[in-house]
């Protein structure tokens with residue numbers, strides 16, 4: 010029988026630094042909740058709003074897969090591998106920190122905030138050569154389908170990472186129901202609602218709620234209202 | 557208040573220095589940097605560490621050897637990965653290990 014965990018939006022950690030407002034689904038920085046450390050290989054899910062012209066100064070990472078999904082606005086990225094790029098809504102960025110990288114991210118628009126999801130996964134391979142990639146997501150305007158935006162395979166849709174993880178973005182019309190079949194035995198799925206109301210395995214989720222489900226091969230997702238959501242399939246043991 | 561000694565191990569010098577700065581900044585924790593398996597083992601003989609943080613750079617064999625060695629020297633010592641400090645993960649990992 011499937012096991013589940015529900016994280017209501019208003020139970021997330023909140024950090025307000027003036028230039029940054031961050032809603033944290035799992036323990037991060039000043040937010041520490043021993044019941045909320047990770048969901049399998051998913052360690053960080055931050056829902057960030059960065060004030061215009063502000064951003065994260067240079068900071069290090071190692072041995073972590075770091076995925077950024079802009080929701081509104083744009084972020085300028087610079088890293089110690091020499092990459093300089095701007096990412097905006099409709100794109101996805103991935104970094105494999107491997108043996109170590111430094112990077113910074115700034116909202117290059119002085120007037121408007123940038124909203125984005127910052128997602129960190131534990132890798133399945135340590136000490137790899139750091140890598141960076143970003144792509145334009147061409148199919149996210151498709152409705153009533155799971156649109157794959159990340160996988161472990163370089164030749165598959167979306168970006169790839171060093172982990173047996175699959176991410177799908179979905180925009181469903183109200184009353185649309187689909188069945189999701191997991192790609193790999195032992196994986197679980199963390200569903201994060203970006204907008205609207207969704208029912209997963211019988212549990213109704215509101216905007217910014219998170220819901221983890223594992224010990225199952227498939228489950229049903231229904232849009233109660235028009236809804237947009239991200240489904241992160243990750244290994245539960247890693 | 558006793559200062560909590562924390563051993564950090566990894567080979568990326570700028571990252572190790574950043575992590576040490578983050579750990580040291582409030583005066584509650586004190587970081588000791590080791591850049592190798594040998595340095596880490598020596599450090600353990602000289603200080604009563606409450607936590608060991610392991611980062612990138614050691615091979616899988618070195619990491620396993622280090623864990624085994626630290627376990628022999630001090631079986632109760634928690635050993636966790638530090639992921640380079642990042643923009644906030646470090647403190648949650650430390651709090652969790654010391655809880």
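Protein chains in written order, with this note's numbering: chain A, 10 to 247; chain B, 557 to 655. Backbone N, C-alpha and C fix where the C-beta goes; we use that ideal spot for every residue, glycine too.
Assignment of beta-bridge partners to residue 130/A by DSSP yields 51/A and 74/A. CA-to-CA, the gap between residue 620/B and residue 608/B works out to about 13 Å. In the three-state scheme derived from DSSP, where H, G and I count as helix and E and B as strand, residue 572/B is classed as helix.
Residue 69/A belongs to the set of residues whose beta carbon lies under 7 Å from a beta carbon in chain B. Within the DSSP bridge table, the entry for residue 627/B names no partner. Judged by their CB atoms, residue 129/A and residue 217/A are not nearer to each other than the 7 Å cut-off. Per the C-alpha coordinates, the member of 23/A, 155/A, 118/A and 140/A positioned closest to residue 112/A is 140/A. When beta bridges are read from the DSSP output, residue 100/A appears opposite 145/A.
Here the alpha carbons of residue 23/A and residue 586/B stand approximately 28 Å from one another. The three-state secondary structure of residue 11/A, taken from DSSP, is coil. According to the DSSP assignment, residue 246/A belongs to no alpha helix (DSSP H), since it is labelled neither H nor E. By the 16-neighbour rule on beta-carbons within 10 angstroms, residue 219/A is buried. For the 7 Å CB-CB criterion, residue 646/B and residue 635/B do not form a contact. Across the set 581/B, 570/B and 582/B, the C-alpha of 570/B shows the shortest separation from the C-alpha of residue 590/B.
DSSP places residue 121/A outside both helix and strand once states are collapsed to three, so it counts as coil. If you draw a straight line from the Cα of residue 39/A to the Cα of residue 580/B, it comes to about 16 Å. Sorting 190/A, 241/A and 132/A by C-alpha distance to the C-alpha of residue 225/A places 190/A at the top.
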